[in-house]
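Here you go:
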């Protein structure tokens with residue numbers, strides 16, 4: 001009995017752990033809190049499937065109990081042998097087909113709806129596109145976001161307008177990745193050979209200006225796969241247009257304003273500029289971009305995809321990138337900076353801002 005009690009306790013803790021494993025303290029990280037049309041439809045389909053499965057389980061359980069009680073053996077007589085019942089066979093064949101249709105029809109309709117990207121292919125006479133388009137390139141272990149219509153490039157923090165469709169071209173530089181913003185919709189693979197296309201919509205009703213959406217790589221891609229995160233900032237159209245304008249006029253942000261930052265800029269130009277860019281449109285082909293674009297680094301909320309953006313974390317990252325992101329490409333380059341160089345480079349990077 002003691003052993004049985006222990007197993008019951010272990011089973012209880014295992015069940016609680018399984019339930020709590022889906023919980024998270026981070027905002028906008030749950031598919032159960034949809035914040036856009038795609039996510040809402042996916043949530044509705046999930047609820048529909050769950051309700052149908054629970055209903056089937058309940059009906060089967062009731063039938064099982066009824067049969068168990070009503071037809072339990074009362075004596076040693078052998079009951080009448082029945083080889084089949086055509087009516088019952090038809091019923092338990094037709095009902096599953098109907099249930100599958102109830103699930104599959106709205107699912108297939110939604111798939112075709114979300115795959116409709118004609119708007120991003122429709123060009124005006126001057127070659128421009130009215131839709132908001134973002135080229136998402138995934139690399140080990142960071143994200144690049146290129147806005148072809150606006151002519152700007154940024155990294156690690158996706159900025160999009162609210163209440164309108166945002167179209168994405170997805171591709172990878174090295175291995176297969178997968179683009180996913182749980183609260184908004186997805187996920188879809190970033191392949192190395194072909195470009196996948198889809199759209200998302202960020203609902204302003206669910207946007208908190210103080211909280212960014214969490215983005216993830218949903219395809220195992222290497223030792224730092226779990227750390228390959230990004231943020232998504234959804235802005236009203238007017239604020240988004242202002243952000244685009246500020247990014248286009250970024251030249252003023254490139255100049256260091258203090259003596260310490262100027263020293264950091266010299267260090268950056270001697271060692272970092274070979275991989276990183278500090279202008280949103282540096283002319284480098286997408287395939288040749290080796291590291292995240294740092295144009296507005298000082299305004300971003302994260303470092304290396306998941307660390308809070310502050311001077312302490314930045315210095316720790318520059319001193320030893322491998323500790324924070326195993327297998328990253330900065331490991332062989334950094335880690336040899338003196339404390340003075342760290343202070344200077346940190347001052348320069350934290351000053352890279354395009355908005356007041």
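Residue numbers (UniProt numbering): 1 to 356.
Every residue gets a Cβ at the ideal spot worked out from N, C-alpha and C, and that includes glycine.
- Under the DSSP definition of a beta bridge, residue 216 partners with 180 and 229.
- Residue 153 counts as buried, since at least 16 other C-beta atoms from the protein chains shown sit within 10 angstroms of its C-beta.
- With respect to the 8 Å criterion, residue 285 and residue 142 are not classified as neighbours on the basis of their beta carbons.
- Fewer than three Cβ pairs drawn from the segment 201 to 208 and the segment 217 to 226 lie within less than 8 Å of each other, which leaves the two stretches out of contact.
- In the displayed model, residue 64 falls within a helix according to three-state DSSP.
- According to the DSSP secondary-structure assignment, residue 185 is paired through a beta bridge with 181.
- Our two residues, residue 147 and residue 60, have alpha carbons roughly 53 Å apart in a direct line.
- By the criterion of a C-beta distance shorter than 7 Å, residue 304 is surrounded in its chain by 317, 324 and 325, once the five residues flanking it on both sides are discounted.
- Rounded to whole angstroms, residue 63 and residue 301 show a C-alpha spacing of 56 Å.
- A straight line joining the alpha-carbon of residue 119 with that of residue 346 spans about 42 Å.
- Ranked by Cα distance from residue 237, the options 173, 113, 287 and 201 are led by 201.
- Note on residue 231: 16 or more other CB atoms within 10 angstroms of its CB, so buried under the neighbour-count rule.
- Below 8 Å, too few C-beta pairs join the segment 90 to 101 and the segment 121 to 136 to call them touching: fewer than three.
- Taking a C-beta distance under 8 Å as the contact criterion, residue 185 and residue 38 qualify as a contact pair.
- Counting only residues of its own chain and dropping the five nearest sequence neighbours on each side, residue 129 has a CB closer than 7 Å to the CB of 120, 122, 123 and 149.
- Around the CB of residue 79, fewer than 16 other CB atoms lie within 10 Å, so the residue is classed as exposed.
- The segment 311 to 346 contains, as complete alpha helix (DSSP H) runs of 4+ residues, the segments 311 to 319 and 321 to 324 (chain order).
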